[in-house]
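When we follow this note's numbering, the leftmost residue of the sequence shown carries the number 301, and every step to the right adds one.
Even for Gly, the Cβ is constructed at its ideal location relative to N, Cα and C.
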Amino acid sequence: MQLENGEYTISTDKSRLDIPLIHHFLSTKSYWAINIPYQTVQKSIENSLCFGVYQGTQQVGFARVITDFATVAYLGDVFIQEEYQKNGLSKWLVETITSHPELQGLRRWVLLTSDAHTLYEKYGFKVAARPENWMEKHNPDVYKTV
């Protein structure tokens, strides 16, 4: 899949992804994956539906969806490089992802965010109605080196 919007493109072609750029952002600039190993990023990309955002050939954003394409999808690792923010790219990216033809009719979408509730609410995401039903096994220190 490839969509154009002026000088920007969103593509699901994994061969276009700049994995070093993605790793650099996630491991040094994100709040959720600081110090994530390169191999972990690479493996996560291999096993996800990925969306790259480009200005020409330069990658400026990324997101990935973990899904079975039938019942559930987890949206994660969403980012736009800081110098490209405030151009509507994150809205366009989330809209593109949630309207992707292979991701329609799912029973549930999930994501985690500390700071982008307003963005995701525009696309139907809400705080979990019954958070007491959700459980997690969380290791926040998994990427810390000894």
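> Near residue 319, what residues of its chain come up, given a Cβ to Cβ distance below 7 Å and the 5 sequence neighbours on each side ignored?
Replying inline: 341, 342 and 345
> Looking at the structure shown, is residue 369 part of a helix, part of a strand, or coil, going by DSSP?
Replying inline: coil
> On the three-state DSSP scale, how would you describe residue 446?
Replying inline: Unreliable placement is indicated for residue 446, whose pLDDT of 43 sits below 50; no coordinate value is reported for it.
> Going by other Cβ atoms of all chains shown within 10 Å of its Cβ, with 16 needed for buried, is residue 307 buried or exposed?
Replying inline: exposed
> Which runs of the beta strand (DSSP E) spanning at least 3 residues fall entirely within the region 370-417, listed in chain order?
Replying inline: 372-380 and 408-411
>> Could you tell me the alpha carbon to alpha carbon distance between residue 329 and residue 373, rounded to whole angstroms?
In response: 24 Å
>> Based on DSSP bridge pairs, tell me the residues matched to residue 354.
In response: 309 and 359
> Under a Cβ-count criterion, where at least 16 other Cβ atoms within 10 Å of its own Cβ denotes burial, should residue 442 be classed as buried or exposed?
Replying inline: exposed
> Out of curiosity, what's the CA-to-CA distance linking residue 326 and residue 402?
Replying inline: 26 Å
> Can you name the start and end residues of the alpha helix (DSSP H) that residue 343 belongs to?
Replying inline: 338-346
>> Which same chain residues end up closer than 6 Å to residue 446 when comparing Cβ atoms and leaving out the 5 residues on each side of it in sequence?
In response: At residue 446 the pLDDT is 43, less than 50, meaning the model places this residue with poor confidence and gives no usable figure here.
> Does DSSP put residue 364 in a helix, a strand or coil?
Replying inline: strand
>> Taking the beta carbon of residue 313 as the centre, do at least 16 other beta carbons fall within 10 Å, making it buried, or is it exposed?
In response: exposed
> Do residue 364 and residue 356 have their C-beta atoms closer together than 7 Å?
Replying inline: no
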